[in-house]
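Residues -18 to 287 (this note's numbering) make up the sequence shown, in order. One structure below.
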Amino acid sequence: MCGIVGYIGTKKASPILINGLLRLEYRGYDSAGISTIEKDGLSIMKDKGRVKNLSNLDGIDKLEGTIGIAHTRWATHGKPSKENSHPHMDNSKTFSVVHNGIIENYNELRKFLTEKGYTFYSQTDTEVIPNLIHYYFTKDTENDDLKFLRAVRNACLDLKGSFALEVISSLYPDNMIVVRQDSPLVIGTCQDEKYLSSDIPAILSYTKDFYLLNDLEFVVLSTSAEMLPIFALETYAKEKLSIISFGNPISHTWTFPANSAASWSKSPVFIRPYVTVWSALTAVPIIRPVEALSPDGISIEYTVFF
Ligand code: GLU
């Protein structure tokens, strides 16, 4: 069982990522790596061995990016090596991905992508993911704000198996997209910062506000408070697709009958879910503070984020 860490905010990401990886060391791993968005594009630093080795790599202290993803690997496909360590990039080096889990149909996907001209540099199942994202991204003729999200979503719909994913792109220097299926991933929010991790203890020193992702909830994290124009996605929605976004609340508050909105997942009391948009079920982006949930079914208040 490996670990995933992510950061998007105003501080330098790399020390936060390394610190998070150190806190996940107890889960076991054979390699470690990070990727950040720098002024001149995506950077990747990775190697087999301890997180300490990673933190001593030349140039890691020069990274300035405030958005980054990080990974400790427990090899399932391919030996522990630098090439097989995460993050992995697509051939054009536009997308960088960390993955926890196993892609059961990776052979089939690798064959498909190879036939399309893609080259693979590792033995991992994971490397199909950034290349699939690139494949869908370049195939998409629309050029709207949702293009990145659509590419990640389309790639994920092809994946069989388990995954917790963080994706960043040199084309979207203010965003990170995360999603999970049968592998853990937690988002911690703290004012204008978001911390991601495979488990809560790794980021507990930064925030006490968490959102536990449900399977196939695609979360678009942004450095700005703006929310992506999510409604357009309804056209592409399949039954389980939902999107979450985080931003600063504005003052609009609506009251709905308790049973009119989408269902919410039960969370431990200290977990405070923020915003869920069920694109297939409702056209309203909603905030779901636990304290506002009404057990007697009378009414629930939702604050809309824009
Ligand atoms: N299956 C992936 C690999 O072997 C990820 C393993 C993990 O969860 O660390 O690279």
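Ideal Cβ placement from N, Cα and C applies to all residues, glycine included.
Could you spell out where the alpha helix (DSSP H) holding Gly30 opens and where it closes? Residue numbering aside, residue 30 sits at position 49 when the sequence shown is read from its first letter. Run containing Gly30: none; DSSP gives neither H nor E here.
Would you mind working out which of Thr105, Pro61, Ile84 sits nearest Met70, comparing C-alpha positions? On the sequence shown, residue 70 is found 89 positions in, with the first residue counted as 1. Looking at the Cα atoms, Thr105 is the closest of the given residues.
Could you check what DSSP says for Lys(-8) in three-state terms: helix, strand or coil? Taking the sequence shown and counting its residues from 1, one reaches residue -8 at position 11. Residue state for Lys(-8) is assigned as coil, using DSSP reduced to three classes.
With 16 other CB atoms within 10 Å as the buried threshold, where does Glu123 fall? As a working note, residue 123 is residue 142 in the sequence shown. Classification of Glu123: exposed, given that the 10 Å Cβ count is below 16.
What residues match up with Arg54 in a beta bridge as DSSP calls it? Counting from one through the sequence shown, the residue named residue 54 turns up at place 73. According to the DSSP secondary-structure assignment, Arg54 is paired through a beta bridge with Ser12.
Kindly list the residues whose CB is nearer than 6 Å to the CB of Ser12, restricted to its own chain and excluding five residues on each side of it in sequence; keep chain order. The residue given as residue 12 occupies position 31 in the sequence shown. Excluding its 5 nearest sequence neighbours in each direction, Ser12 has C-beta neighbours in its own chain below 6 Å: Lys29, Arg54, Pro61, Ser66, listed in chain order.
Check for me: the beta strand (DSSP E) holding Glu198 runs from which residue to which? Working through the sequence shown from its first residue, we reach residue 198 at position 217. 198 to 203 is the span of the beta strand (DSSP E), which, as asked, contains Glu198.
Identified DSSP bridge partners for Glu19: Counting from 1 along the sequence shown, the entry for residue 19 is found at position 38. Answer is Gly22.
Tell me which residue opens and which closes the alpha helix (DSSP H) that Pro111 is part of. In the sequence shown, residue 111 corresponds to position 130, counting from 1. Start and end: 109 to 120.
Could you have a look at Asn0 and say whether DSSP puts it in helix, strand or coil? As a first step, residue 0 must be located in the sequence shown, where it is residue number 19. Helix at Asn0.
Does any residue of chain D bring its CB to less than 7 Å from the CB of Tyr187? Judged by its chain identifiers, the structure shown contains no chain D, having just a single protein chain.
Counting Cβ pairs closer than 8 Å, one from the region 179 to 195 and one from the region -2 to 6, do we hit at least three? With a cut-off of 8 Å, the region -2 to 6 and the region 179 to 195 count as touching, because enough Cβ pairs lie within range.
To the nearest angstrom, how far is the alpha carbon of Phe76 from that of Ser203? On the sequence shown, residue 76 is found 95 positions in, with the first residue counted as 1. On the sequence shown, residue 203 is found 222 positions in, with the first residue counted as 1. A straight line joining the alpha-carbon of Phe76 with that of Ser203 spans about 16 Å.
With H, G and I counted as helix, E and B as strand and the rest as coil, what does DSSP make of Cys(-17)? Locating residue -17 in the sequence shown gives position 2, where the first residue counts as 1. Residue state, collapsed to three classes: coil.
Taking the alpha-carbon of His115 as reference, which of Tyr102, Thr100, Ala132 has the nearest alpha-carbon? Along the sequence shown, one-based indexing puts residue 115 at 134. The candidate whose alpha carbon is nearest that of His115 is Ala132.
Nearest CA to the CA of Ser(-5): which residue from Ile(-15), Thr17, Ser73? To locate residue -5, count along the sequence shown from 1; it is residue 14. The shortest Cα separation from Ser(-5) among Ile(-15), Thr17, Ser73 belongs to Thr17.
Under 7 Å, do Val167 and Leu146 count as touching if we go by C-beta distance? On the sequence shown, residue 167 is found 186 positions in, with the first residue counted as 1. On the sequence shown, residue 146 is found 165 positions in, with the first residue counted as 1. Contact flag unset, no.
With a threshold of 6 Å, establish whether the CB of Ala13 neighbours any heavy atom of ligand 1. The count along the sequence shown starts at 1 and reaches residue 13 at position 32. For Ala13, the CB stays at least 6 Å from every heavy atom of ligand 1.
Under 6 Å: does the beta carbon of Asp106 sit that close to some heavy atom of ligand 1? Residue mapping note: residue 106 aligns to position 125 of the sequence shown, counting from 1. Checking the Cβ of Asp106 against ligand 1 gives yes.
DSSP three-state call for Asn81: helix, strand or coil? Residue mapping note: residue 81 aligns to position 100 of the sequence shown, counting from 1. In this structure, Asn81 counts as strand in the three-state DSSP scheme.
Taking 6 Å as the cut-off, is the C-beta of His58 nearer than that to any heavy atom in ligand 1? Taking the first residue of the sequence shown as 1, we reach residue 58 at position 77. In this structure, His58 has its CB closer than 6 Å to one or more heavy atoms of ligand 1.
Reducing DSSP to helix, strand and coil, say where Asp155 ends up. Reading the sequence shown from its first residue, position 174 is the one you call residue 155. Per DSSP, reduced to three states, the secondary structure at Asp155 is strand.
Report yes or no: do the region 83 to 103 and the region 41 to 53 share at least 3 C-beta pairs separated by less than 8 Å? Touching, no.
Tell me whether Glu123 sits in a helix, a strand or coil according to DSSP, three-state version. Counting from 1 along the sequence shown, the entry for residue 123 is found at position 142. Of the three classes helix, strand and coil, the one that applies to Glu123 here is coil, per DSSP.
Contact under 7 Å by Cβ, Ile(-15) with Leu(-2): Start at 1 with the first residue of the sequence shown, and residue -15 comes out as number 4. Start at 1 with the first residue of the sequence shown, and residue -2 comes out as number 17. No. Outside cutoff.
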